[in-house]
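Colleague:
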Amino acid sequence: MCAMSSSNMDTSDTCITTPSEVEESNSPIIPPADNIDDNTDQDSKENVDSFASNIWECMKRINSNLDFLSEKLNKQSDVVQVHKAQSSGLDDNHFLSLFPLKEIEDVIELESRLSNNSSDFNKKLISCITPREQDGRVLDLKHFVRTILRTLFTYSLAGNYSWRGFRGNFQIGNLKIVKLIYDISKNKFRNATKPGVNVFIKEWIRYAKQRRNQLRKIQSFQD
C-alpha cells in the first residue's frame, strides 16, 4: 500500500510493502547466507568422499595387478635360473651343440665364455659358426655374415634383440659375439670393414621377427 508524505511543498510517493504483499510477490527469495555455506560444504564433502573412494578402488586394483605380475616374474625367474644352471654346466662341445641358440640365457652364457678368453673354446666356436662352401658355391660378404647369424641364433631369439636395445629389446651391438663375427669376416674377406659388417648384422636382426612369422605360416600350411 502507498502513503503520501508532504514534508516539503513537493509531493512524492513512498511505497511501503506489507508482509502480505511479500508473500504474494513473485520475486525470488534469497536464502540466508548461512544456508548457502552449509549446502556448499555438504557438496564439497560428498565430492571429496567420492574422489577418495575412487582412488582407493584404483589402488586395490593396482595392488592386485602387482601381486599377479610379481608371482609371474618369480616363476619365470626360477625357470631362467634352472636353464642358466643347465647351460653353464655343459662342456664346450655340448654347449656348441645348442646352436642355433633359442634362449636369452644361452646368449648370456656365450658372452660369459667369450669373456673367459679361452683359446680352446674360441677355436671351437669359430670352427662351428664359420660358413663352409658347398657345391662350389662362393658366398659374398653379406651372405657370409647372414649364414653366421643363422648358425648362432634362431629367428625367435634374434627377434628379442636390436642394435641399440630400443623398444624393450636387448642390445646386440655391444656383445662380444658381434666383434667375433667381424673378425671371422675380416679373415675371409680382406676388404671387409667393421661398419659394413655391422650393417649386415643390423639388417638381419631388424627383419628377424618378420622371417620368424613367415616360417610359422609355412609350417602351419605344411601341417
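With my numbering as the guide, the letters of the sequence shown map in order to residues 148 to 370.
The beta carbon of each residue, even a glycine, is placed where N, CA and C say it ideally should be.
In whole angstroms, give me the CA-to-CA distance for residue 272 and residue 203.
Modeller: Working through the sequence shown from its first residue, we reach residue 272 at position 125. Working through the sequence shown from its first residue, we reach residue 203 at position 56. Between residue 272 and residue 203, the C-alpha separation is close to 57 Å.
Colleague: Mind reading off the beta-carbon distance from residue 278 to residue 288? Whole number of angstroms is fine, and I expect it under 8 Å.
Modeller: For the purposes of this step, residue 278 is identified with residue 131 of the sequence shown, where counting begins at 1. For the purposes of this step, residue 288 is identified with residue 141 of the sequence shown, where counting begins at 1. So it is not a contact: roughly 11 Å between Cβ atoms.
Colleague: Could you check the C-alpha separation between residue 318 and residue 196 for me, to the nearest Å?
Modeller: The residue labelled residue 318 in the question sits at position 171 within the sequence shown. The residue labelled residue 196 in the question sits at position 49 within the sequence shown. Spanning the two alpha carbons is a distance of roughly 48 Å.
Colleague: Give me the residue from 320, 302, 303, 362 with the minimum Cα distance to residue 309.
Modeller: Within the sequence shown, the letter at position 162 stands for residue 309. Checking every option, the nearest Cα to that of residue 309 belongs to 320.
Colleague: At what residue ranges does the region 246-325 contain a whole run of the alpha helix (DSSP H), taking only runs of 4 or more?
Modeller: Taking only runs of at least 4 residues, the alpha helix (DSSP H) segments lying wholly in the region 246-325 are 251-262, 266-276, 288-299, 302-305.
Colleague: Quick check on residue 338: does DSSP put it in helix, strand or coil?
Modeller: Residue mapping note: residue 338 aligns to position 191 of the sequence shown, counting from 1. Coil at residue 338, not helix or strand.
Colleague: Thinking C-beta only, is residue 257 closer than 8 Å to residue 324?
Modeller: If you number the sequence shown from 1, residue 324 lands on position 177. If you number the sequence shown from 1, residue 257 lands on position 110. Yes.
Colleague: What distance in whole Å lies between the Cβ atoms of residue 311 and residue 351, which are believed to be in contact at a cut-off of 8 Å?
Modeller: To locate residue 351, count along the sequence shown from 1; it is residue 204. To locate residue 311, count along the sequence shown from 1; it is residue 164. Actually they are not in contact, since the Cβ atoms of residue 351 and residue 311 sit about 15 Å apart, beyond 8 Å.
Colleague: Using the beta-carbon count (16 or more within 10 Å), is residue 260 buried or exposed?
Modeller: Walking along the sequence shown from the start, residue 260 turns up at place 113. Buried, by the Cβ-count rule.
Colleague: Can you name, in chain order, every residue of its own chain whose Cβ lies under 7 Å from the Cβ of residue 253, other than the five neighbours on each side?
Modeller: Counted from its first residue, the sequence shown places residue 253 at position 106. 234, 245.
Colleague: May I have the straight-line CA-CA distance separating residue 326 from residue 341, to the nearest angstrom?
Modeller: The residue you call residue 326 lines up with position 179 of the sequence shown. The residue you call residue 341 lines up with position 194 of the sequence shown. For residue 326 and residue 341, the distance between alpha carbons rounds to 8 Å.
Colleague: If you measure between the beta carbons of residue 304 and residue 248, is that distance less than 8 Å?
Modeller: Position 157 of the sequence shown, counted from the start, is the residue given in the question as residue 304. Position 101 of the sequence shown, counted from the start, is the residue given in the question as residue 248. In this structure, residue 248 lies closer than 8 Å to residue 304 by Cβ.
Colleague: Report the residue from 368, 345, 360, 241 whose alpha carbon sits nearest the alpha carbon of residue 296.
Modeller: Along the sequence shown, read from residue 1 onward, the residue named residue 296 stands at position 149. Of the listed residues, the one whose Cα sits closest to residue 296 is 345.
Colleague: Excluding five sequence neighbours on each side, which residues of the same chain lie with their C-beta closer than 6 Å to the C-beta of residue 347?
Modeller: As a first step, residue 347 must be located in the sequence shown, where it is residue number 200. The answer, listed in chain order, is 289, 292.
Colleague: Output yes or no for whether 8 Å exceeds the beta carbon distance between residue 307 and residue 255.
Modeller: Within the sequence shown, the letter at position 160 stands for residue 307. Within the sequence shown, the letter at position 108 stands for residue 255. No, they are not a contact pair.
Colleague: Determine the direct distance from the alpha carbon of residue 353 to that of residue 371, and round the result to whole angstroms.
Modeller: There is simply no residue 371 to check, as the chain begins at 148 and stops at 370 in what is shown.
Colleague: Could you check whether residue 298 and residue 276 sit closer than 8 Å to each other, using their CB atoms as the reference points?
Modeller: Locating residue 276 in the sequence shown gives position 129, counting from the first residue. Locating residue 298 in the sequence shown gives position 151, counting from the first residue. Yes, Cβ-Cβ distance for residue 276 and residue 298 is below 8 Å.
Colleague: In whole angstroms, what is the alpha-carbon distance linking residue 356 and residue 365?
Modeller: As a working mapping, residue 356 is identified with position 209 in the sequence shown. As a working mapping, residue 365 is identified with position 218 in the sequence shown. Roughly 14 Å separates the two Cα atoms.
Colleague: Select from 192, 322, 237 the residue whose C-alpha is nearest the C-alpha of residue 262.
Modeller: As a working note, residue 262 is residue 115 in the sequence shown. Among 192, 322, 237, the Cα nearest to that of residue 262 belongs to 322.
Colleague: Going by C-alpha to C-alpha distance, which of 358, 212, 267, 284 sits closest to residue 300?
Modeller: Counting from one through the sequence shown, the residue named residue 300 turns up at place 153. Residue 358 is the option with its Cα nearest to residue 300.
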